[in-house]
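Numbering (my numbering), first residue to last: 19 to 181.
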């Protein structure tokens, strides 16, 4: 509560300092006044001396309240804009992370298929050298190796599309 009062006083001081520099329009009790510094105008005539001290304070307080509300609206607007920018940057960061994850997965898939091909190829060559492959087994091994070669090719294409 105390901090709210302090903020109000600081805001009132800033608003009053600002009002010295610039004329401000305010509506009070159905009449439109122009406040410039300590002077209050009605229909372009200085009526400061004809107003009671209480009316002068009420008009100035109404002006301070109006300016404070405007500043609050501007601050809320700026906050909403900042929140929107934050959501936008978070969304783009998620998108970048997802893209990186896809690239890493594609690279891992390629590496895995290359290792598998190399392993099967070595095993096939060993069996072939020893003469332990029948004609049917040889065809099956060649089909397996061709399939693994296609997997490597597909994984390379997938990786190239991502980069």
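Glycine is no exception: its CB is placed at the ideal position from the N, C-alpha and C atoms. Just so we're clear, the structure is a prediction, and the values are computed from it rather than from any experiment.
Could you tell me which residues DSSP pairs with residue 63 in its beta bridges? Here residue 63 refers to the residue found at position 45 when the chain shown is read from its first residue. Bridge partners of residue 63: 60.
My parser needs the alpha helix (DSSP H) runs of 4 or more residues fully inside the segment 39 to 108; what are they? none
Between which residues of its own chain and residue 102 is the CB-CB distance below 7 Å, once the five residues before and five after are set aside? For the purposes of this step, residue 102 is identified with residue 84 of the chain shown, where counting begins at 1. None.
Three-state secondary structure (DSSP) of residue 150: The residue labelled residue 150 in the question sits at position 132 within the chain shown. DSSP places residue 150 in coil when its eight states are reduced to three.
Residue 181 - DSSP class collapsed to helix/strand/coil: Position 163 of the chain shown, counted from the first residue, corresponds to residue 181. Looking at residue 181 - three-state DSSP - the assignment turns out to be coil, as it is neither helix nor strand.
Report yes if the C-beta distance between residue 124 and residue 176 is below 7 Å; otherwise report no. Position 106 of the chain shown holds residue 124. Position 158 of the chain shown holds residue 176. Contact: yes.
Measure the alpha-carbon distance for residue 44 versus residue 92 and round it to whole angstroms. Here residue 44 refers to the residue found at position 26 of the chain shown. Here residue 92 refers to the residue found at position 74 of the chain shown. In a straight line, the C-alpha of residue 44 is about 19 Å away from that of residue 92.
If you drop the 5 nearest sequence neighbours on each side, which residues of the same chain put their C-beta closer than 8 Å to that of residue 77? Taking the chain shown and counting its residues from 1, one reaches residue 77 at position 59. Contacts found: 44, 46, 51, 53, 58, 69.
Around the Cβ of residue 131, are there at least 16 other Cβ atoms within 10 angstroms (buried) or fewer (exposed)? Residue mapping note: residue 131 aligns to position 113 of the chain shown, counting from 1. Under this definition residue 131 is a buried residue.
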